Amino acid sequence: MRLVAPTLADETSPGDVVVSEPLATAEATTRQLRKAGADVVIALASLDRSEIERLRATQAVDVVVASQRSERDAGYHVAGDARGVSVSAADGGNQTPVIDLHLHRLARDTVALPEAGATGEIDLDKIDPDKFFDSTSLELVKKWRADVRVRDTAGVEPDQFANIFVAQHYAILSRKLNTILATVGYPFDTERKSLLSNENAFANFVTDTMRERTGADIAFINARIFRPDRAYARDEPYTYRDLLTALPVRNRVVTMTLSGRRLAGLFEDVITDKGIGTERFLQESGVTILYDPARRPGERICRFLIGNEPLVRGTNYTIATTDFVARSGQYAYLRNASRDAKDRGDLVELLSTHLHETGLIEPLKDAHIAPAC
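Counting from 1 along the sequence shown, just add 726 to a position and that's the residue number in my numbering.
Printed below as a string of structure tokens:
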């Protein structure tokens, strides 16, 4: 079985796939597997170490092979006892645990002895030696054991056929990845700190393009969509590889209608301590928001413009965002509106088309959200 953290539904765009609570899923699935005759139940998991321990405590799964989700759980971890065995390793780890699983089916002789008397002892005189083994039967016993070893990946010889196969496909893929989409007209970066807490020039380019290409009133995306810490100089070529490096997760652009009241609530939530400095922070286009961080949460915004006009709480606005932001559940004010979201295409393809047409990428850093009441 495959087990993932329940937060995966908020971290990705699962579509029609339902992400269930892992422990309950493990117990229910194991019951079905045991009923179908399974001797050993193995779970492939993407869980934190604490979640793996809770899974082992249920004794629902015999063997857990996991990738560690938390950066705190670097390296590898092995655990084994009467509850079973689990191994986990960090993504890209230098040491990887390997399980050698041994399954045994043994025939064991069993003999039906006379019942014990009132004293709890068997009367040996009642056993007929000539008929003793007539009551013998064979019982099929199923057992397993696991040997765990750790491999240093530096010593693993690469498969030559796989290397050739990958190299051929990489060469084909690189021709598209190295395609120059545009020239950098203004220096910019994807520095993590600016993405999570204030305006970022590249994020402005992305949201400005989304708004322009969809005809929306405003556009916004969550900061976690970007893979940060790359700087670009003026006149540097910007390639398809650069675009995919910055936006490796394929998101869809969607448009939907949101009232001014919900927009105000959304951004009040975003500029709280739980939003600024976290991956929930929204990079936006088409709005100007001034706020006072000293005010109570929910009452911090003192000026909210859509374009050059004040926000009207009773007016409906068209917004452009990603399918992840619309449906992840992280933004309560979007939940009902996301039901009517209209798909507007792949985000990376939308941006690459725009760059092909303009031939220039020159994102500017504008202070759309600022503590300046």
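Where a beta carbon is used, it is the ideal one built from N, C-alpha and C, also for glycine. Source: prediction; values computed, not measured.
Original post:
Given a threshold of 16 other Cβ atoms within 10 Å of its Cβ, counted over all protein chains shown, does residue 882 qualify as buried or as exposed?
Top reply: exposed
Subject >> residue 771 versus residue 894: straight-line alpha-carbon distance, rounded >> reply: 32 angstroms
Original post:
Using CA coordinates, which residue listed in 1008, 781, 926 is at the minimum distance from residue 754?
Top reply: 781
Original post:
What is the DSSP secondary structure of residue 930, reduced to helix, strand or coil?
Top reply: helix
Subject >> Residues that DSSP places opposite residue 898 in a beta bridge >> reply: Partner(s): none; residue 898 has no beta bridge.
**OP:** Output the distance between the C-alpha atoms of residue 911 and residue 956, rounded to the nearest integer angstrom.
**Re:** 16 angstroms
Original post:
Can you check whether the CB of residue 944 is closer than 8 angstroms to the CB of residue 1045?
Top reply: yes
**OP:** Please name the residue in 982, 732, 1083 whose C-alpha comes closest to that of residue 1104.
**Re:** The structure shown does not extend to residue 1104, since the chain is modelled only from 727 through 1099, so no value can be given for it.
Subject >> The alpha helix (DSSP H) enclosing residue 906, as first and last residue numbers >> reply: Looking at the DSSP string, residue 906 is not in any alpha helix (DSSP H); the run it does join, the beta strand (DSSP E), is 906-910.
**OP:** Could you name the residues of the same chain whose beta carbon sits closer than 6 angstroms to that of residue 988, not counting the 5 residues immediately before and after it, in chain order?
**Re:** 1059
**OP:** Taking all protein chains shown into account, decide if residue 777 is buried (16 or more other Cβ within 10 angstroms of its Cβ) or exposed.
**Re:** buried
Subject >> Cβ-Cβ distance between residue 791 and residue 804 below 8 angstroms >> reply: no
Subject >> Cβ pair residue 951, residue 1015 closer than 8 angstroms >> reply: no
Original post:
Of the choices 1010, 897, 1079, 1042, whose alpha-carbon is the least far from that of residue 1048?
Top reply: 1010
Subject >> residue 674 - DSSP class collapsed to helix/strand/coil >> reply: As displayed, the chain neither begins before 727 nor continues past 1099, which places residue 674 out of reach and without an answer.
Subject >> Straight-line gap, residue 926 to residue 767 (C-alpha atoms, nearest Å) >> reply: 48 angstroms
**OP:** From the DSSP output, read off the bridge partner residues of residue 879.
**Re:** Beta-bridge pairing links residue 879 to no other residue.
Subject >> Terminal residues of the alpha helix (DSSP H) in which residue 1094 lies >> reply: That residue, residue 1094, is in no alpha helix (DSSP H); it is neither H nor E in DSSP.
**OP:** Can you tell me which of 906, 824, 991, 801 puts its alpha carbon nearest to the alpha carbon of residue 789?
**Re:** 824
Original post:
To the nearest angstrom, how far is it from the Cα of residue 1067 to the Cα of residue 1073?
Top reply: 15 angstroms
Original post:
Any idea which residues DSSP pairs residue 1017 with across the strands?
Top reply: 1027
Subject >> CA-to-CA distance, residue 757 to residue 831, given in whole angstroms >> reply: 21 angstroms
Subject >> Element boundaries [beta strand (DSSP E), containing residue 1050] >> reply: No beta strand (DSSP E) holds residue 1050; the alpha helix (DSSP H) holding it covers 1049-1053.
Original post:
For residue 946, does the three-state DSSP call read helix, strand or coil?
Top reply: strand
Subject >> Close Cβ partners of residue 935 (< 8 angstroms) along its chain, the five nearest in sequence each way excluded >> reply: 1076, 1077, 1080
**OP:** From the DSSP output, read off the bridge partner residues of residue 814.
**Re:** 792, 803
Original post:
By a C-beta neighbour count over all protein chains shown, 10 Å radius and 16 as the cutoff for buried, is residue 873 buried or exposed?
Top reply: exposed
Original post:
What residues match up with residue 785 in a beta bridge as DSSP calls it?
Top reply: Answer is none; residue 785 lacks a bridge partner.
Original post:
For residue 748, does the three-state DSSP call read helix, strand or coil?
Top reply: helix
**OP:** Would you give the residue range spanned by the alpha helix (DSSP H) that residue 1083 belongs to?
**Re:** 1073-1084
**OP:** Could you check if residue 744 is buried or exposed, using at least 16 other CB atoms within 10 Å of its CB as the buried criterion?
**Re:** exposed
**OP:** Pick helix, strand or coil for residue 727, following the three-state DSSP scheme.
**Re:** coil
**OP:** Assign residue 899 to one of two classes, buried (16 or more other C-beta atoms within 10 Å of its C-beta) or exposed (fewer than that).
**Re:** exposed
Original post:
Just to confirm, are residue 994 and residue 1026 a CB contact at a threshold of 8 angstroms?
Top reply: yes
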